[in-house]
Structures are given as structure tokens and as C-alpha cells.
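Heads up: the sequence shown begins at 6 in the working numbering, then just goes up one per residue.
The block underneath contains the structure these notes are about, expressed in C-alpha cells.
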Amino acid sequence: MAGETPITIIGNIVAEPELRFTPVGAAVCNFRVASTPRAYNKQTQQWEDGEAMFLTCNAWKQLGENTAESLAKGMRVIVTGKLKQRSFQTREGDNRTVFEIDVEEVGPSLRYATAQVNRNPHEGGQQAPNQQQAQENAQQGLGAQPANDPWQSQGGFSGQGTNDEPPF
Numbered sequence: 006m007a008g009e010t011p012i013t014i015i016g017n018i019v020a021e022p023e024l025r026f027t028p029v030g031a032a033v034c035n036f037r038v039a040s041t042p043r044a045y046n047k048q049t050q051q052w053e054d055g056e057a058m059f060l061t062c063n064a065w066k067q068l069g070e071n072t073a074e075s076l077a078k079g080m081r082v083i084v085t086g087k088l089k090q091r092s093f094q095t096r097e098g099d100n101r102t103v104f105e106i107d108v109e110e111v112g113p114s115l116r117y118a119t120a121q122v123n124r125n126p127h128e129g130g131q132q133a134p135n136q137q138q139a140q141e142n143a144q145q146g147l148g149a150q151p152a153n154d155p156w157q158s159q160g161g162f163s164g165q166g167t168n169d170e171p172p173f
């Protein structure tokens, strides 16, 4: 939709991500991120934290399921998505406005941590023939690609198959 506001934030997850399902079965993972600006004070020669900004993030469908399985309270994350404004009225009749992020991508920050990436199989559990062959070769010690390589391309980025796109 035109006119959406793209946003990227870096911060810490402040509560355990919560995975829920809509009445039609779509997964949504809700989590809150605190992003705190930090500036160097030349007079005191120390770093000082500014006021933290807390944003609710909503990751939908497979992204939501992967988020709930992979991330936890306290983790430093990078979130990119569309900033949304939502207005509502409380039971007392007060008008409120909240800002949320519809998440497009989320992942751990690797500034202070490491991560192990595990690629999910595609729906239906079917593998592309060249990936299946590579895994069989690796199990027999014949292949050049390890069977647990999360970046194996379904289309064979290295000229195998018809997909010229990289696996990431």
C-alpha cells in the first residue's frame, strides 16, 4: 500500500514473544522491543542512555512461527517493517493511539552474540532434485556441499537448475 512508513529498529526484546492464531488459523507473533539511543557526553567523557522507545511488533504467518521459536526475552534484535498507527477508545471513553510495526524481517543482532541458522523445509516437505541429490552425496561422502548447509539453493544458484537468484 502506498504511503506506508518503513522503519528499522535495533533493540532488546522486553518480554517473551507470544504466538497466537487468528480464527482462520493464521499465526501471529507479538513481541515488544525497547530501543534506547546512546550518546557520548564530551563533558563527562562517558556514554549516556537516552529515553527508551518501546514498540510492539507483529510478525505474521511463517515469519511469526519462526520468530516465536527462535527469539526470546532479552535478545538484541534487528526489526524492519512498516510503522502503523492504530487508534482506539478505552472502556472509560478515553481516546488512545498506539504505534506498532508490521514486521517484514526480524533476526538476532550479531554485535554481541552468535547465531546458528537452520533453514526450514519448504511446505509439503519436498526438496528440489538437485538439493536432494546433494544431501544423498554428502551422506555418502561424495558431495561438495554438506547436508546441513542452510544456504543451499532450491534452484541451484551456481548455475544448476533455472533459478539465477542467490539463496538468500
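All C-beta atoms, glycine included, are put in the ideal place defined by N, C-alpha and C.
Since we're looking at a predicted model, the values are computed, not measured.
Query: Residues that K87 bridges to, as DSSP identifies them; Result: P11, D107
Query: Segment contact, 8 Å Cβ cut-off, at least three pairs: the region 89-96 with the region 34-52; Result: no
Query: Beta-bridge partners of L60, as assigned by DSSP; Result: V38
Query: Beta carbon of E70 nearer than 9 Å to that of K89; Result: no
Query: Range covered by the beta strand (DSSP E) that runs through E23; Result: 23-26
Query: Residue burial classification, P22 (beta-carbon count within 10 angstroms, cutoff 16); Result: buried
Query: Segment contact flag, the region 52-60 with the region 109-123, C-beta cutoff 8 Å, min 3 pairs; Result: no
Query: Whole-angstrom distance between G30 and R81, CA atom to CA atom; Result: 29 Å
Query: Option nearest T27 by Cα separation, candidates N63, I12, N125, G86; Result: N63
Query: Bridge-paired residues (DSSP) for S92; Result: T102
Query: D107 to V19 span [Cα, whole Å]; Result: 17 Å
Query: Limits of the unbroken beta strand (DSSP E) element including Q51; Result: 51-54
Query: Environment of A120 [buried if 16+ CB atoms lie within 10 Å]; Result: exposed
Query: Boundaries of the alpha helix (DSSP H) in which A73 is found, first to last residue; Result: 66-75
Query: C-alpha distance - Q150 paired with V122, whole-angstrom precision; Result: Unreliable positioning characterises Q150 in this predicted model, as indicated by a pLDDT of 49, which lies under 50. The coordinate reading is nonetheless provided below. Each residue's alpha carbon lies about 16 Å from the other.
Query: Where Y117 falls: helix, strand or coil (DSSP); Result: coil
Query: Helix, strand or coil at R43 [DSSP, three-state]; Result: strand
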